[in-house]
Structures are given as C-alpha cells and as structure tokens.
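2 protein chains.
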Amino acid sequence: MTAGTAGTVEAGAGGTEDTRTRLLATALRLFTEHGVEGTSLQMIADALGVTKAAVYYHFKAKSEIAEAVAEPALRELDVVIDEAAAKRRHGAQVDHLLAGFVDVVVRHRRLLALFSSDPGIARAVEASLHGEQDLESRLMGILLGPDPDAGDVVTAHVALAGIGLAGGAPAMTELDDDTLRRHLLEVGRRLLRRPRPPRLA
Amino acid sequence: MTAGTAGTVEAGAGGTEDTRTRLLATALRLFTEHGVEGTSLQMIADALGVTKAAVYYHFKAKSEIAEAVAEPALRELDVVIDEAAAKRRHGAQVDHLLAGFVDVVVRHRRLLALFSSDPGIARAVEASLHGEQDLESRLMGILLGPDPDAGDVVTAHVALAGIGLAGGAPAMTELDDDTLRRHLLEVGRRLLRRPRPPRLA
DNA sequence: GTCTATACCGCGATAGAC
DNA sequence: GTCTATCGCGGTATAGAC
Chain A
1 MTAGTAGTVE AGAGGTEDTR TRLLATALRL FTEHGVEGTS LQMIADALGV
51 TKAAVYYHFK AKSEIAEAVA EPALRELDVV IDEAAAKRRH GAQVDHLLAG
101 FVDVVVRHRR LLALFSSDPG IARAVEASLH GEQDLESRLM GILLGPDPDA
151 GDVVTAHVAL AGIGLAGGAP AMTELDDDTL RRHLLEVGRR LLRRPRPPRL
201 A
Chain B
1 MTAGTAGTVE AGAGGTEDTR TRLLATALRL FTEHGVEGTS LQMIADALGV
51 TKAAVYYHFK AKSEIAEAVA EPALRELDVV IDEAAAKRRH GAQVDHLLAG
101 FVDVVVRHRR LLALFSSDPG IARAVEASLH GEQDLESRLM GILLGPDPDA
151 GDVVTAHVAL AGIGLAGGAP AMTELDDDTL RRHLLEVGRR LLRRPRPPRL
201 A
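This is the structure in structure tokens:
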C-alpha cells in the first residue's frame, strides 16, 4: 500500500531485507517479550545495530510501530466482517462473523496477549478500530440485529471481549490452535444462542 | 491495617483530611480521566498543591498508588470468594461466586475500565491477584469443578474476562447499575450453564 | 513525621550534518 | 538512510528544612 516508487524493490537482489521489514519483525519479537511499554526505541535500535534516530526515520512515533505490528490482524478481521455482511440471512452473518472472529483471535493469539494488556497496542488498535473503517461498530452492527435490547448489547460485548481476552490468556498457551478454536467457537455459540450450524458449509 | 501507633488519629479534629487520603482520591480521579500512564506524578502533585517528592513520601513508587487504588475492589472480591468457598454444594458455590463477581464488577465499573486498558493498574492488580492470596487461582478453582476439561477452562476464562471487560466498557455507561447487573448475571448463567437459581435466597 | 529542593538517568522525540 | 547532538519530561532518589 502507498506503493509509489517501489517496483524493483520487491524480493530484491541478495540477502538484505529492507530495514523497515526487519524493524517490524524485531519490534514484534521484543514487544511480545517485554510488552510495548517495556520495549524502548533504544532496545529496538540496538537489536538492529542502528541508532534511535534511524528508527525514527521509518516511523514518526513509537505508536506507529505498534499500529504497524497490529495491522495484519486487523486487516483479516476487516475481511471477515465484509464477508459476513455479504450474507443474506442474519443468522448466517452472525455464524460467519463468530467463526471468523474466533479464527483471527486464535491465529494471532500471541499478539492478542499484548493487545489486551498493553495500552501502547491497545490505543493503536482502538485508533484503527474506530478509525476510517470503525471495525467495532461494524462488528457490533452485525452481531446485534435490527433493534437490539440492552441484553443483546451486553451479550455481544461479553462475547467479543471474552473470546478475545481468553484467547490471548496465558492459561490457553498449552492448548493447540485447533482445540482452542473449537472451544471458543462453542462458547460463542452458546452465548449468542446459535446452537449449531449445518454440518456442511 | 498495619495500624500500629495510630489511636487518637482516627476521625481527627477539623477539616484537613490527611494527605494520603486526599492523594488517593485525587489519583483515582486523574487515573480515570487520563489513564494511569497518562497521569504523571507531577499532575497528582500539582492537583494537591505539593511537590512530586511529597507524593513520593507517601508511596514508594507509582505502582503503589495504582495498587492502593485497586485494593478496595480486590478486597471485596476476596470476601466473595471466601463466602462462595464456604458453601457446601458446588452448584451453590458457583452461583454465589457469579453473583458476587458481577456485583463487584458493576459497583467498580469505572475502575474496571482502567484495569482492563492500562497496564499500570493491570500489573498492580495481577500482583495482588497472584500475590499472597492468589485470587485468580481460587476463583478458577471454584468455577471449575474437581477435574475440568479444556472446554470448562475456556468457558470459565471467557466468562470472567468477558464479564469484567464488558462491565467496564464505554458502551455500558448508559445502563444503570441494576440493569447492567441483571444482564451480566444472565449472560454468566448461560455461559456456565446455571440456568436459574431458586427464587428465594 | 511531613514536606521542599535538587539532582539523576532513561525515555520519546526533533534538528541538522554527512 | 543513517548519525550526532540535544531537548523536555517521566519516574526515582537523597539531603535536609520544619
């Protein structure tokens, strides 16, 4: 995105990945190890063998790094929401959204652990979440039907918050992806009263 | 606690509340307005008309202020857990715990919004949560029966995280305490499969 | 026992040279 | 694209006034 002058860069010559990419990978690693707060620009710079100022050339602020790290997961969520919105029947929308949401949560659960305990990421995510696309409104809009009562709203919030947070919880690290996904899905269905989808897609 | 030499101090003379108490009240207000991270010791000191060092006299570190702010809620939770543990039947334990937890969440929901989005408080709470008393283990111990399977563990986590987070969510601020409590309780029951307690206590 | 003055160092961020 | 230098502010720490 914002491609511009790129062109020949992609999969360029020999070894050297461009700094921005290396930077993001390094930042993600350090973030998951020490949290966003606990990771200083100095640590990132040192790990890359450059100075803080060099890091600042690629990102205007630390929060931008956090946003960039969170972006892939948010983009996937965006796709899921679009797919869900495209379904005709409301029940099918909810089913697809739930399954897709759980899937994104499970596949990005290490990131999730960060999201939920670090305001650095949390704020970055919220910015994107309520930004241009406002993922949260769209999510809730699908989950809640045409005219939801207070109980529906509470239920939807508990479901999303619970699944998201539980997915990233330390106690879940022992479970393999598939097991976790199955259980989260089941819990979500019970919450949202969608007892069980038809056996074949 | 750690009373010691006190004695005559309690409910002392005229106007001046002791600084420590004013400090905590001020800190709580600023924390809820700007978050823990967003509140500097300088801001607290200014609001009280003292210097940073004075604040530092009462609390060795910023994290201690956060802990002190969170303490009342955690103590209430502690009581609820004890009460629940004292019940004879497991079903009654879960019912009491759920109702008590929801109640604490609702009454401290402003604080909750902080807990869940600010690692300052989050860490303080975790310290207490896993400290001496290890509230979390005891909570989970009651919620999960004798030998829980993976599904039970996931469910319990979703329930606690979901109720806690949803209770503090901005979207819930419009609901009055009683309505919120009723809906959270109902959602919790559905999750934990405790359909409905007997009509009279 | 309560507070002020002052200082330290690491942090995120900026400006400008190469 | 990277570096050196520097800034202001944050939490922390100590010495000492009252």
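First to last, the sequence lines map onto chains A and B. Heads up: the first sequence begins at 1 in UniProt numbering, then just goes up one per residue. Heads up: the second sequence begins at 1 in UniProt numbering, then just goes up one per residue. Note that the Cβ used here is the ideal one computed from N, Cα and C, for glycine as well.
Nearest candidate by alpha-carbon position, reference residue i, set the options
i          : options                                        : result
Leu-23(B)  : Arg-196(B), Asp-118(B), Tyr-57(B)              : Tyr-57(B)
Leu-185(B) : Ala-61(B), Glu-37(B), Gly-100(B)               : Gly-100(B)
Val-79(A)  : Gly-35(A), Leu-135(A), His-108(A)              : Leu-135(A)
Thr-173(B) : Ala-113(B), Ser-137(B), Gly-131(B), Gly-162(B) : Ala-113(B)
Leu-18(B)  : Val-55(B), Gly-35(B), Arg-182(B)               : A small correction: the amino acid at residue 18(B) is Asp; Leu does not occupy that position in the sequence shown. When only C-alpha atoms are compared, the closest one is Val-55(B).
Gln-133(A) : Thr-39(A), Arg-75(A), Arg-194(A), Arg-29(A)    : Arg-75(A)
Ile-65(A)  : Leu-98(A), Ala-27(A), Pro-72(A)                : Ala-27(A)
Pro-170(B) : Ala-127(B), Val-106(B), Gly-141(B), Ala-150(B) : Val-106(B)
Ala-70(A)  : Ala-161(A), Val-104(A), Ala-166(A)             : Val-104(A)
Gly-141(A) : His-34(A), Ser-128(A), Leu-160(A), Glu-126(A)  : Leu-160(A)
Leu-97(A)  : Ser-116(A), Leu-77(A), His-108(A)              : Leu-77(A)
Ser-128(A) : Gly-168(A), Leu-41(A), Ala-68(A), Val-102(A)   : Ala-68(A)
Val-102(A) : Lys-60(A), Gly-162(A), His-130(A), Gly-35(A)   : Gly-162(A)
Thr-155(A) : Arg-89(A), Ala-73(A), Leu-192(A), His-34(A)    : Leu-192(A)
Leu-35(A)  : Ala-122(B), Val-158(B), Ala-25(B)              : Looking at the sequence shown, residue 35(A) is not Leu but Gly. Taking only the C-alpha atoms, the option nearest Gly-35(A) is Ala-122(B).
Phe-59(B)  : Leu-41(B), Leu-165(B), Ala-73(B)               : Leu-41(B)
His-157(B) : Ala-61(A), Val-187(A), Arg-182(A)              : Val-187(A)
Residue i: contacting residues in chain A (beta-carbon distance under 8 angstroms)
i          : result
Asp-147(B) : Simply none; closest approach about 16 angstroms.
Ile-163(B) : Val-158, Gly-162
Leu-184(B) : Val-154, Val-158
Ala-169(B) : His-157, Ala-161
Where residue i falls, given that 16 or more other Cβ within 10 Å makes a residue buried
i          : result
Asp-95(A)  : buried
Gly-120(B) : buried
Asp-118(A) : buried
Gln-93(B)  : buried
Arg-20(A)  : exposed
Gly-91(B)  : exposed
Arg-189(B) : buried
Thr-2(B)   : Bear in mind that the predicted position of Thr-2(B) carries a pLDDT of just 42, short of 50, making it too unreliable to give a figure here.
Ser-116(B) : buried
Ala-53(A)  : exposed
Gly-131(B) : exposed
Arg-29(A)  : exposed
Ala-73(B)  : buried
Thr-39(B)  : buried
Arg-196(A) : exposed
Other residues of its chain near residue i: CB distance less than 6 angstroms, five sequence neighbours each side excluded
i              : result
Ser-63(B)      : Ala-124
residue 253(A) : Because chain A spans 1 through 201 in this model, residue 253(A) falls outside it and cannot be assessed.
Asp-152(B)     : Leu-144
Asp-149(A)     : none
Leu-165(A)     : Ser-116
Under 7 angstroms by beta carbon: chain B residues contacting residue i
i          : result
Pro-119(A) : Gly-35, Glu-37, Ser-117, Asp-118, Pro-119
Leu-175(A) : Ala-150
Residues that residue i contacts on chain A, provided the C-beta gap is smaller than 9 angstroms
i          : result
Arg-190(B) : Thr-155, Arg-190, Leu-191, Arg-193
Ala-124(B) : The premise fails here: Ala-124(B) is roughly 12 angstroms from chain A at the closest Cβ pair, so nothing lies under 9 angstroms.
Val-79(B)  : By Cβ distance, chain A contributes nothing, its closest Cβ being about 24 angstroms from Val-79(B), past 9 angstroms.
Neighbourhood of residue i by C-beta distance below 7 angstroms, restricted to the same chain and skipping five residues each side
i         : result
Thr-5(B)  : A caution first: Thr-5(B) carries a pLDDT of 43, below 50, which makes its placement in the model too unreliable to give a value.
Glu-37(A) : Asp-118, Gly-120
Met-43(A) : Leu-30
Thr-51(B) : Ala-45
Sequence-distant residues of the same chain with beta carbon closer than 8 angstroms to residue i, five excluded per side
i          : result
Thr-32(B)  : Arg-110, Leu-111, Ala-113, Leu-114
Gly-167(A) : Val-102, Val-105, Val-106, Arg-109, Leu-112, Leu-180, Leu-184
Ala-61(B)  : none
Chain B residues whose Cβ lies nearer than 8 angstroms to that of residue i
i          : result
Ala-27(A)  : Result: empty, since nearest Cβ-Cβ is about 17 angstroms, beyond 8 angstroms.
Ala-166(A) : Val-154, His-157, Val-158, Ala-161, Gly-162
Val-94(A)  : Simply none; closest approach about 16 angstroms.
Proximal chain A residues relative to residue i, where beta-carbon distance stays under 7 angstroms
i          : result
Thr-179(B) : Ala-150
Under 9 angstroms by beta carbon: chain B residues contacting residue i
i          : result
Val-104(A) : Chain B residues near Val-104(A): none, gap ~16 angstroms exceeds 9 angstroms.
(request) Flag this pair as touching only if the segment 174–188 of chain B and the segment 133–147 of chain B have three or more C-beta atom pairs under 8 angstroms; answer yes or no. (result) In this structure the segment 174–188 of chain B does not lie against the segment 133–147 of chain B, because fewer than three pairs of beta carbons, one per stretch, are closer than 8 angstroms.
(message) Using 8 angstroms as the cut-off, can you tell me whether the segment 82–89 of chain A makes contact with the segment 39–52 of chain A, which would need three or more C-beta pairs spanning the two stretches below that distance?
(response) no
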